[in-house]
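Trainee:
Residue numbers (the numbering used here), protein chains in the order written: chain Z, 1 to 295; chain E, 1001 to 1374.
This is the structure in structure tokens:
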């Protein structure tokens, strides 16, 4: 393995890891507030991609506009899912909410199948992201640089919201003790809806970046990124935003390096990711940065 | 008294109605197809081809033909379930499908046990018909395909070193890669890199970076349209310019839609090209297709599914029966049938002997290169 090859793999790993991280943040946010693993997160990602696809295709909007609109519409979808599916089971045992999440996941997948059709569609990649940068023997798309950059910006924005705004403070308070916040007179349901909106917007952003990198969308495209993001969130410590980002990076890195150093095991890279999940749950369930919550 | 009389009339007439439905006026054939999932394009194209074929020949032995579709979702388990459903619930007399080897292998034993003949349009792995009496196909098998691909790589592309990318979870890919490897080695070529992936993998950057450092003259990627498109795109983005060679799975329109300009030059061994069609059935089919469809030109999956339909109906006609065993014997005696994809014959082994074409992606279309005769 030459240094050049290692560097090339590293660039690939960073861009893949950023994608996992971005999607993982949405998972971790919802878990932090509601103690709910939102299995529909990956499918919300998928719907975001379809919004972007149709905004570009049918309304012929320039790509930057259609991507923003897609993110906005997905945030609205997130609120709708919260109000429609999760709010009614807020007081019910946690298992009900979990099953509801799985139900929403299936609903979104099959709705997409019926409305958009089973055949994959080609996602438009704007010229800004399509240029190939050749640096000696290294080759990568400008996209590979944009992805970590956009991820970082979004993470910083999110941290700003969580730690420097009142709504963010309310979110953090709810994650500690929902009942007390309710007693304080804050509108808990509104804050939770906002959390879903944020998480879904991030899922849409992650999804669009994913679709830019792998320009093919289909109704089941959200399953694998969703699962990998879940592993990343657990790896980093579920409930912790920075942990999720780090977990994503680490997962992407480990995946790529596995294939790079042991090409014959290339077919097992998904199994490897889930082995990591099992390992973390066995040996350090709180993850890299998680705190042991009394539950 | 009157109420009782009315009640009795209703009862008797409803019994008579149900009795009427027992008389099968239609010959029911199963469309055992992947309409959704990883290879949805094959199933949907196949269904479109079958529908045109049904317009051309709507009845057999005096009965109207009805094709009932059961979606396998491109999944082995669902394929087995779909076959069970077709046999037990729909009571089909025969089935057309599936489109990929893995799924056909999964559901084949169920049809075999129920003595329902199955004609696959495009499942090419040899195991699909091996040791089975009721499974047939209207396409060539992979040892031949791997052989032709290796010859094309070695003799036409003048490649001495080849790199492989194999989808470990698909019987088709594993089989075809092996046959190519053996044939290429026998010709004197060397495999310089063998990398792996699984179905629904989107990221091939790690495998490609490894491949790049081994400097192959040709890359053999025997896979379905999505992975080939994404793989080739990523290969070009990584600065790998070696020609990419694939198998019959590449010929779906999605390859070009998703692959864009990066898949220009991808060559593959295949079943059909509308430009090379010679038989009367082919010309008729193509004419109807162009009038009806936006796709403009039928690909291998449209054509071969229609071929499976015609061959099956021909066998039923020759057998003069809708019983499984009789159809089966007739299928195994198909001689020089003028199908859309060429003249074909099927023997006791269930495999079709017929020519193969080589296509190449040029100008955003599947261009015809040459025909290889058996």
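Where is the CB? At the ideal position from N, CA and C, for every residue including glycine.
The structure presented is a predicted model; accordingly, all values stated were derived computationally and were not measured.
Check the Cβ of residue 224(Z) against every Cβ in chain E and list those closer than 9 angstroms, keeping chain order.
Mentor: 1200, 1201 and 1202
Trainee: Going along chain Z in order, which residues have a C-beta closer than 7 angstroms to the C-beta of residue 1258(E)?
Mentor: Residues of chain Z passing the Cβ test: 120, 122, 215 and 216.
Trainee: If you compare alpha carbons, which of 1202(E), 1319(E) and 1181(E) is closest to residue 1038(E)?
Mentor: 1202(E)
Trainee: Need the endpoints of the alpha helix (DSSP H) that residue 1056(E) sits in, please.
Mentor: 1040 to 1056
Trainee: Identify every run of the alpha helix (DSSP H) within the segment 1141 to 1190 of chain E, keeping only runs that are complete inside it and at least 4 residues long; order them along the chain.
Mentor: 1142 to 1151 and 1171 to 1187
Trainee: What are the start and end residues of the alpha helix (DSSP H) that includes residue 105(Z)?
Mentor: Residues 94 to 116.
Trainee: Beta carbon of residue 1108(E), beta carbon of residue 1118(E): below 8 angstroms?
Mentor: yes
Trainee: Between residue 105(Z) and chain E, is there a C-beta pair that is closer than 8 angstroms?
Mentor: no
Trainee: Is the separation between the beta-carbon of residue 1222(E) and that of residue 1259(E) shorter than 8 angstroms?
Mentor: With a cutoff of 8 angstroms on beta-carbon distance, residue 1222(E) and residue 1259(E) are scored as not near each other.
Trainee: Using a cut-off of 8 angstroms between C-beta atoms, extract the partners of residue 2(Z) located in chain E.
Mentor: 1213
Trainee: What number of angstroms, rounded off, separates the C-alpha of residue 25(Z) from the C-alpha of residue 93(Z)?
Mentor: 24 angstroms
Trainee: With a threshold of 8 angstroms between beta carbons, is residue 1239(E) in contact with chain Z?
Mentor: yes
Trainee: Pull up the CB-CB distance for residue 1060(E) and residue 1316(E), whole angstroms please, since I reckon it's below 8 angstroms.
Mentor: 5 angstroms
Trainee: Which value, in whole angstroms, describes the spacing of the CA atoms of residue 191(Z) and residue 263(Z)?
Mentor: 47 angstroms
Trainee: Taking Cβ-Cβ distances below 7 angstroms as the criterion, which residues of the segment 1100 to 1134 of chain E are in contact with chain Z?
Mentor: Cβ contacts with chain Z: none found.
Trainee: Where does residue 184(Z) fall in DSSP's three states?
Mentor: Per DSSP, reduced to three states, the secondary structure at residue 184(Z) is coil, with no helix or strand assignment.
Trainee: So, for residue 79(Z): in the same chain, excluding its five sequence neighbours on each side, which residues have a beta-carbon less than 7 angstroms away from its beta-carbon?
Mentor: 193, 196 and 197
Trainee: For residue 153(Z) and residue 1205(E), I'd like the C-alpha separation in whole angstroms.
Mentor: 25 angstroms
Trainee: Which chain E residues sit within Cβ distance under 8 angstroms of residue 260(Z)?
Mentor: 1206, 1209 and 1210
Trainee: Closer than 6 angstroms by C-beta to residue 140(Z): which residues in its own chain qualify, once you throw out the five before and the five after it? Chain order, please.
Mentor: 11 and 133
Trainee: In three-state terms, what does DSSP make of residue 1139(E)?
Mentor: The three-state secondary structure of residue 1139(E), taken from DSSP, is coil.
Trainee: Could you check where the beta strand (DSSP E) with residue 1337(E) kicks off and where it finishes?
Mentor: 1334 to 1339
Trainee: Does the contact criterion of 3 or more C-beta pairs under 8 angstroms hold for the segment 1322 to 1335 of chain E versus the segment 1143 to 1157 of chain E?
Mentor: no
Trainee: Do the CB positions of residue 32(Z) and residue 251(Z) come within less than 8 angstroms of each other?
Mentor: no
Trainee: Which runs of the beta strand (DSSP E), 3 residues or longer, sit entirely within the segment 116 to 155 of chain Z?
Mentor: 132 to 135 and 138 to 141
Trainee: What's the C-alpha gap between residue 1342(E) and residue 68(Z)?
Mentor: 51 angstroms
Trainee: In the DSSP assignment, find the alpha helix (DSSP H) that holds residue 1104(E) and state where it starts and stops.
Mentor: 1101 to 1114
Trainee: Using 8 angstroms for Cβ pairs, my map puts residue 99(Z) next to residue 40(Z). What's the rounded Cβ distance?
Mentor: So it is not a contact: roughly 12 angstroms between Cβ atoms.
Trainee: What in chain E is Cβ-close to residue 132(Z), meaning under 9 angstroms?
Mentor: 1236, 1237, 1238 and 1239
Trainee: Taking its Cβ as the centre, do 16 or more other Cβ atoms sit within 10 Å of residue 1171(E), making it buried, or is it exposed?
Mentor: buried
Trainee: Cβ of residue 355(Z) within 8 angstroms of Cβ of residue 248(Z)?
Mentor: Examination of residue 355(Z) is not possible in this model, given that chain Z is present from 1 through 295 alone.
Trainee: Can you tell me whether residue 1221(E) is helix, strand or coil according to DSSP?
Mentor: coil
Trainee: Note down, in chain order, all residues in the segment 1035 to 1055 of chain E with a beta-carbon under 7 angstroms from any beta-carbon belonging to chain Z.
Mentor: Considering only beta carbons, the part of the segment 1035 to 1055 of chain E lying closer than 7 angstroms to chain Z consists of 1035, 1036, 1037, 1040, 1041 and 1044, in chain order.
Trainee: Based on the DSSP secondary-structure assignment, which residues constitute the bridge partners of residue 1196(E)?
Mentor: 1166(E)
Trainee: Measure from the C-beta of residue 177(Z) to each C-beta in chain E and report whether the shortest distance is under 8 angstroms.
Mentor: no
Trainee: Is it buried or exposed for residue 131(Z), if we count other Cβ within 10 angstroms and need 16 for buried?
Mentor: Label assigned to residue 131(Z): exposed.
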